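Student: Take a look at the following structure, please.
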Amino acid sequence: MMRTGFALVLALALAAPSVARAAEEYEPRLTLDVPAAGPRTVALTLDACSGATDLRVLDALIADNVPATVFVTRRWLMGNGEAFARIRARPDLFEIENHGDRHVPAITDAPAMFGIPTAGSLEAVRREVEGGARAIETATGARPRWYRDATARYSRDALAAIRADGYRIAGFSLNGDMGASLPAATVARRIAGARHGDVIIAHMNQPKRAAGAGVVEGVRALKAQGTRFVRLNDLPATERDGAPTPGGAGWPRAVAARPAPKLPVGAPRPGPPVAPSMAPVTPR
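Using this note's numbering, you'd call the opening residue of the sequence shown number 3 and step up by one each time.
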């Protein structure tokens, strides 16, 4: 049955006059609300889109006791029961959140994003969100609070509908692996350079790509520097949708050069800044 928030937004959308307009998508930003003093604190978020499990990443997080928020799709859950059981066995480390039913972008005004077919309508967005939520609730007994769609891009009406249904949008402030497309050394440098309050996005479903090794190296570098890792529900966080980008554009804000980080007093200094990669992005 359609949930109340989606029903209201869908009804308003259907009632509005049809006006042709260029597609515009949003890439929400999310940062932790952290005090200026204290250790550098970051949230590691990992997408399990579909396919397999990168055990390099999962094994390292468990061995090193690093907390993370894992965004899973129903498709991934169906094919990775053993890995999911290991995640569920460590509630002290892992928070499980919603990445959708079939890994479909929550976009209604463009046919594809990064080569992935989009939902195309608010009703399809609703099915994608609710399908993922039901799968997680069935597997864990708890309903997810956060939603991140495929590609982390959204149309404005989809953002409104998802929030109206009670979800927070899991954006990010540091793209660690650009859809698991970057070399290991680049991923490691990007993650190791995380700033106080960053929400890092990376992937744990591409075991055959080099990026996973970089995730492990970068996380271990942060831990060696005394960084504190938290899950999204551990601290308050601020969402910002930012300015829209033309439908189908790349990741301009994610790869933009960043100013030197302002770390809290006494926090370890990160390594040298990372030059952003402008290489074509493999679809997530």
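Using N, Cα and C, we set each Cβ at its ideal position, and we do this for glycine too.
Since this is a predicted model, take the numbers as computed values, not measurements.
Looking at the strands, I want to know which residues DSSP matches up with Tyr156.
Tutor: Taking the first residue of the sequence shown as 1, we reach residue 156 at position 154. Per DSSP, Tyr28, Ala108.
Student: Just the Cα atoms here: how many angstroms apart are Leu124 and Gly40?
Tutor: As a first step, residue 124 is located in the sequence shown; it is residue number 122 there, counting from the start. As a first step, residue 40 is located in the sequence shown; it is residue number 38 there, counting from the start. Answer to the nearest angstrom: the Cα atoms are 43 Å apart.
Student: Please report the Cβ distance between Arg173 and Pro30, rounded to the nearest whole angstrom; I am assuming they are in contact, meaning their Cβ atoms lie under 8 Å.
Tutor: On the sequence shown, position 171 is the one that residue 173 refers to. On the sequence shown, position 28 is the one that residue 30 refers to. First, the residue type needs correcting, since residue 173 is Gly and not Arg in the sequence shown. Going by Cβ atoms, the distance from Gly173 to Pro30 rounds to 3 Å, so yes, they are a contact pair.
Student: Going by DSSP, name the residue or residues bridged to Met115.
Tutor: Reading the sequence shown from its first residue, position 113 is the one you call residue 115. BP columns for Met115 point to Ile118.
Student: Which complete alpha helix (DSSP H) runs does the region 188 to 256 hold, if anything under 4 residues is left out?
Tutor: Complete alpha helix (DSSP H) runs here, min 4: 213 to 226.
Student: By Cβ distance below 6 Å, which residues in the same chain neighbour Asp200 in space, the five residues on each side in sequence not counted?
Tutor: Within the sequence shown, numbered from 1, the residue matching residue 200 stands at position 198. Val44, Ser175, Leu176.
Student: Around the C-beta of Asp35, are 16 or more other C-beta atoms found within 10 angstroms, so that it is buried, or is it exposed?
Tutor: Counting from 1 along the sequence shown, the entry for residue 35 is found at position 33. Under this definition Asp35 is an exposed residue.
Student: With Ile138 and Val74 assumed to form a contact (beta carbons below 8 Å), what rounded beta-carbon distance in angstroms separates them?
Tutor: Taking the sequence shown and counting its residues from 1, one reaches residue 138 at position 136. Taking the sequence shown and counting its residues from 1, one reaches residue 74 at position 72. With a Cβ gap of about 7 Å, Ile138 and Val74 count as contacting.
Student: Do His101 and Arg150 come within 8 Å of each other at the CB atom, strictly closer than that value?
Tutor: The residue you call residue 150 lines up with position 148 of the sequence shown. The residue you call residue 101 lines up with position 99 of the sequence shown. It is a contact, given that the beta carbons lie within the stated cut-off.
Student: At what residues does the alpha helix (DSSP H) containing Asp66 begin and finish?
Tutor: Numbered from its first residue, the sequence shown carries residue 66 at position 64. Element bounds for Asp66: 57 to 66.
Student: In terms of alpha-carbon separation, which member of Ala154, Asp167, Gly220, Arg92 lies closest to Leu32?
Tutor: Stepping through the sequence shown from its first residue, residue 32 is reached at position 30. If we check each option's Cα against that of Leu32, Ala154 comes out closest.
Student: Give the secondary structure of Ala85 by DSSP, where H, G and I count as helix, E and B as strand, and everything else as coil.
Tutor: Residue mapping note: residue 85 aligns to position 83 of the sequence shown, counting from 1. Correct three-state label for Ala85: helix.
Student: If you measure between the beta carbons of Ala88 and Pro209, is that distance less than 8 Å?
Tutor: For the purposes of this step, residue 88 is identified with residue 86 of the sequence shown, where counting begins at 1. For the purposes of this step, residue 209 is identified with residue 207 of the sequence shown, where counting begins at 1. As written in the sequence, residue 88 is Arg, which differs from the Ala given in the question. Not in contact: Arg88 and Pro209 (Cβ atoms no closer than 8 Å).
Student: Quick one: is Asn82 buried, meaning 16 or more other Cβ sit within 10 Å of its Cβ, or exposed?
Tutor: In the sequence shown, residue 82 corresponds to position 80, counting from 1. With 16 or more other Cβ atoms within 10 Å, it is buried.
Student: Roughly how many angstroms lie between the CA atoms of Ser157 and Met115, to the nearest whole one?
Tutor: For the purposes of this step, residue 157 is taken as the residue at position 155 of the sequence shown. For the purposes of this step, residue 115 is taken as the residue at position 113 of the sequence shown. In a straight line, the C-alpha of Ser157 is about 11 Å away from that of Met115.
Student: Determine the DSSP secondary structure at Thr75, reduced to helix, strand or coil.
Tutor: Position 73 of the sequence shown, counted from the first residue, corresponds to residue 75. It is coil, neither helix nor strand.
Student: With distances taken from CA atoms, which of Gly133, Leu60, Phe86 is nearest Ala215?
Tutor: For the purposes of this step, residue 215 is identified with residue 213 of the sequence shown, where counting begins at 1. Measuring from the Cα of Ala215, the nearest candidate turns out to be Leu60.
Student: When the Cα of Gly178 is compared with those of Ala160, Ala204, Ala186, Arg197, which residue comes out closest?
Tutor: On the sequence shown, residue 178 is found 176 positions in, with the first residue counted as 1. Nearest of Ala160, Ala204, Ala186, Arg197 to Gly178, Cα basis: Ala204.
Student: Grab the span of the beta strand (DSSP E) containing Leu46 for me, first residue to last.
Tutor: Taking the sequence shown and counting its residues from 1, the one referred to as residue 46 is at position 44. Taken as a continuous stretch (DSSP letters only), the beta strand (DSSP E) holding Leu46 covers 43 to 50.
Student: Taking the CB atoms as reference points, tell me whether Ala187 and Leu224 lie closer together than 8 Å.
Tutor: For this step, residue 187 is matched to residue 185 along the sequence shown. For this step, residue 224 is matched to residue 222 along the sequence shown. Taking 8 Å as the Cβ cut-off, Ala187 and Leu224 do not qualify as a contacting pair.
Student: At the level of alpha carbons, what is the spacing between Leu48 and Val127?
Tutor: By 1-based counting over the sequence shown, the position of residue 48 is 46. By 1-based counting over the sequence shown, the position of residue 127 is 125. Going by the C-alpha atoms only, they are around 21 Å apart.
Student: Hey, out of Thr247, Asp94, Pro93, Asn67, whose CA is closest to Thr229's CA?
Tutor: Position 227 of the sequence shown, counted from the start, is the residue given in the question as residue 229. The shortest C-alpha separation from Thr229 is found at Asn67.
Student: Taking only three categories from DSSP, how would you classify Arg170?
Tutor: By one-based count along the sequence shown, residue 170 stands at place 168. Strand, per DSSP.
Student: Residues in its own chain within less than 7 Å of Thr63 by CB, not counting five upstream and five downstream?
Tutor: One-based indexing of the sequence shown puts residue 63 at position 61. Contrary to the premise, residue 63 reads as Leu rather than Thr in this sequence. Counting only Cβ-Cβ distances below 7 Å, and skipping sequence neighbours, we find Ala70, Leu95.
Student: Does the Cβ-Cβ distance between Pro246 and Ala212 come in under 8 Å?
Tutor: Translated into the one-based positions of the sequence shown, residue 246 becomes position 244. Translated into the one-based positions of the sequence shown, residue 212 becomes position 210. Contact flag unset, no.
Student: Can you give the Cα-Cα distance for Val217 and Ile193, rounded to whole angstroms?
Tutor: Here the question's residue 217 lines up with position 215 in the sequence shown. Here the question's residue 193 lines up with position 191 in the sequence shown. Going by the C-alpha atoms only, they are around 7 Å apart.
Student: Would Ala121 be called buried (16 or more neighbouring beta carbons within 10 Å of its own) or exposed?
Tutor: In the sequence shown, the residue the question calls residue 121 occupies position 119. Buried is the call here.
Student: Quick one: using the 10 Å Cβ neighbour count with 16 as the cut-off for buried, is Gly181 buried or exposed?
Tutor: Indexing the sequence shown from 1 puts residue 181 at position 179. Classification for Gly181: buried.
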